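Number of protein chains: 2
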Amino acid sequence: MENKKRPLILVTNDDGVSAPGIRALIDVAKKLGDVFVVAPDSPQSGMGHAITVNNTIYCDKIDLSDPEVQIYSSSGTPVDCVKLAMSKILDRKPDLCVSGINHGSNSSINVLYSGTMSAAVEAGTLGIPAIGFSLLDGSLEADFEPSKKYVEQICRQALVNGMPENTVLNVNIPKLPEEEIKGTKVCRQADAKWIESFDKRTNPNGREYYWLTGNFVNLDTGEDTDEWALENGYVSIVPVQFDLTAYNALEAINKWDLP
Amino acid sequence: MENKKRPLILVTNDDGVSAPGIRALIDVAKKLGDVFVVAPDSPQSGMGHAITVNNTIYCDKIDLSDPEVQIYSSSGTPVDCVKLAMSKILDRKPDLCVSGINHGSNSSINVLYSGTMSAAVEAGTLGIPAIGFSLLDGSLEADFEPSKKYVEQICRQALVNGMPENTVLNVNIPKLPEEEIKGTKVCRQADAKWIESFDKRTNPNGREYYWLTGNFVNLDTGEDTDEWALENGYVSIVPVQFDLTAYNALEAINKWDLP
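If you're matching them up, the sequences are chains Z and A in order.
Going by this note's numbering, the first residue of the first sequence is number 1, and it counts up by one from there.
Going by this note's numbering, the first residue of the second sequence is number 1001, and it counts up by one from there.
What follows is the structure, given as structure tokens:
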């Protein structure tokens, strides 16, 4: 029987339900409440806010050695997983949605491409306090232990304080031993970008194809950005909005000569 | 030979290179400059800001009756198409990127899911003035003729005035005869959302699956929103930002008890 006094926590990610990063996040979430996991059955990095339209979505409860946690594996995107959890799996609104821990950075411009963050944003649009966590280590062998203290305290504070309206959090954690992490910084998103460089190849049938590669370039010298915090040993916390209106541009566009 | 004095216009979409909506957009773009089209080879609605990582991307020049336009068809997402165009296909930075005309609305919260808008946002992050256009008619037989006057004038103004920094435009056009469209309104994104309702079915092998459905709910009564404009017969123009920092939430999060 569910204990209604414990917070209900929805866990998802974009690296897939079997990724080590989501195990670390589940470990933390179990200390804080009743945990439901609804996550993709395979890696979905770079899926952004994609949803499955005009196609089927599977979502199966998977067997587990841990009776404390309910785990569902879905063929859908990270955003689909949040929608499915809210619509079909949970019997009440969760108190918190956490996504990750992503294997690799979702700082600055990466927030746009990140399935991890899009899952958190989706939960936010549904009125759930939501946080995406990412570790700056893309390896499958990444060490998530130093992250746990920060993940736990940030989640506890979200449960205690709630989340500012129409806001979710983008938390990135530097790849450092615990004793070298200096603490947290609340930041703005750095004005950084990717300079793409596609690798052109020819397939065995003679047809050309490409691989997406690229270099990350940060020209933002501000010391209030997530990139600055991470480079200087801090966990970065960026509050993220999903009202995308560029309010400061309304005046300029209103001056255009339009019908 | 390319005439360097004419603007270079990159056209893309998320309904696929063969959709009627992109043909309408190409028709308009040809009046304004030299046109390159790099668009998905198949429908990519709901792809959001997805990119193709860890997989191949095809991109082929396709044959065309119209010698005035260069058209490339790609297996990638709308965002991939913009990245490929910038990195591999165009020999200079375009003066404008237009995406659409989408078959269906991308107003309010739909901006998050829209491949059409994500392509425009991607171009914006690369410093290109960019506009996503959508018609509130999802049908393949949608009539794009009434849209053309608005698309042309908005594009002309973007070429003349440039775009406010770090801003792209989300333009939605009501499904109305030309004489019933009242003009344009510069708006904010309405605070509307989707209430999901998955349709659960069983496949021929006995395994359960879902179809995503849902109802669009607008509880935002403001008369300065895109939803209001569209419901009242106006073309809505929302300036959209890609710095997602919720600046007004920084103070609240800074008060949290964090390490």
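Where a beta carbon is used, it is the ideal one built from N, C-alpha and C, also for glycine.
Every value quoted in this text rests on a predicted model; they were computed, and no experiment measured them.
Extent of the continuous alpha helix (DSSP H) run through residue i
i: D1034 of chain A; result: Per DSSP, D1034 of chain A belongs to no alpha helix (DSSP H); it is in the beta strand (DSSP E), D1034 to P1040.
i: K148 of chain Z; result: E145 to N161
i: T1202 of chain A; result: First-last for T1202 of chain A: D1199 to T1202, but that is the beta strand (DSSP E), not the alpha helix (DSSP H).
i: V1186 of chain A; result: Not the alpha helix (DSSP H): V1186 of chain A falls in the beta strand (DSSP E), residues G1183 to V1186.
Cα-Cα separation, residue i to residue j
i: E145 of chain Z; j: V28 of chain Z; result: 10 Å
i: G206 of chain Z; j: G1214 of chain A; result: 44 Å
i: F198 of chain Z; j: N1054 of chain A; result: 12 Å
i: Q1241 of chain A; j: T245 of chain Z; result: 6 Å
i: N102 of chain Z; j: N254 of chain Z; result: 41 Å
i: V1238 of chain A; j: L1135 of chain A; result: 14 Å
i: G1124 of chain A; j: T1077 of chain A; result: 16 Å
i: K1185 of chain A; j: S105 of chain Z; result: 38 Å
i: I1051 of chain A; j: P164 of chain Z; result: 30 Å
i: D220 of chain Z; j: E180 of chain Z; result: 24 Å
i: F36 of chain Z; j: K88 of chain Z; result: 12 Å
i: L10 of chain Z; j: A24 of chain Z; result: 14 Å
i: Q1044 of chain A; j: S65 of chain Z; result: 39 Å
i: W228 of chain Z; j: Y234 of chain Z; result: 9 Å
i: C59 of chain Z; j: N1166 of chain A; result: 39 Å
i: S75 of chain Z; j: T12 of chain Z; result: 13 Å
i: M1001 of chain A; j: T202 of chain Z; result: Low per-residue confidence applies at M1001 of chain A: pLDDT is 46, beneath 50, and the placement is therefore not dependable, though the value from the model is reported in the following sentence. Spanning the two alpha carbons is a distance of roughly 28 Å.
i: K148 of chain Z; j: S1118 of chain A; result: 33 Å
i: N1003 of chain A; j: K1030 of chain A; result: In this prediction, N1003 of chain A has a pLDDT of 47, which is less than 50 and means its spatial position is unreliable; what the coordinates show is noted afterwards. Rounded to whole angstroms, N1003 of chain A to K1030 of chain A spans 13 Å at the Cα level.
i: M1086 of chain A; j: Q157 of chain Z; result: 43 Å
Which of helix, strand or coil DSSP assigns to residue i
i: N1254 of chain A; result: helix
i: L1084 of chain A; result: helix
i: S108 of chain Z; result: helix
i: E122 of chain Z; result: helix
i: G1127 of chain A; result: coil
i: G1206 of chain A; result: coil
i: E1179 of chain A; result: helix
i: G100 of chain Z; result: strand
i: G138 of chain Z; result: coil
i: M1 of chain Z; result: Note that M1 of chain Z scores a pLDDT of 45, beneath 50, so its modelled location is shaky and nothing firm can be said.
Endpoints, the beta strand (DSSP E) within which residue i is located
i: A190 of chain Z; result: Run containing A190 of chain Z: none; DSSP gives neither H nor E here.
i: E1171 of chain A; result: Glu is not the amino acid found at residue 1171 of chain A; the sequence shown has Val there. Start and end: T1167 to I1173.
Residue i and residue j closer than 8 Å at C-beta
i: I62 of chain Z; j: D80 of chain Z; result: no
i: I154 of chain Z; j: V168 of chain Z; result: no
i: V1069 of chain A; j: P1040 of chain A; result: no
i: I1128 of chain A; j: Y1150 of chain A; result: no
i: Y1113 of chain A; j: G1048 of chain A; result: yes
i: A120 of chain Z; j: G132 of chain Z; result: yes
i: D224 of chain Z; j: S236 of chain Z; result: no
i: L8 of chain Z; j: D95 of chain Z; result: yes
i: A190 of chain Z; j: S139 of chain Z; result: no
May I have a chain-ordered list of the alpha helix (DSSP H) segments no shorter than 4 residues that lie completely inside the stretch 11 to 78 of chain Z? The qualifying runs are 20 to 32.
Counting only runs that start and end within the stretch 1217 to 1247 of chain A, where is the alpha helix (DSSP H) found for 4 or more residues in a row? Taking only runs of at least 4 residues, the alpha helix (DSSP H) segments lying wholly in the stretch 1217 to 1247 of chain A are 1226 to 1231.
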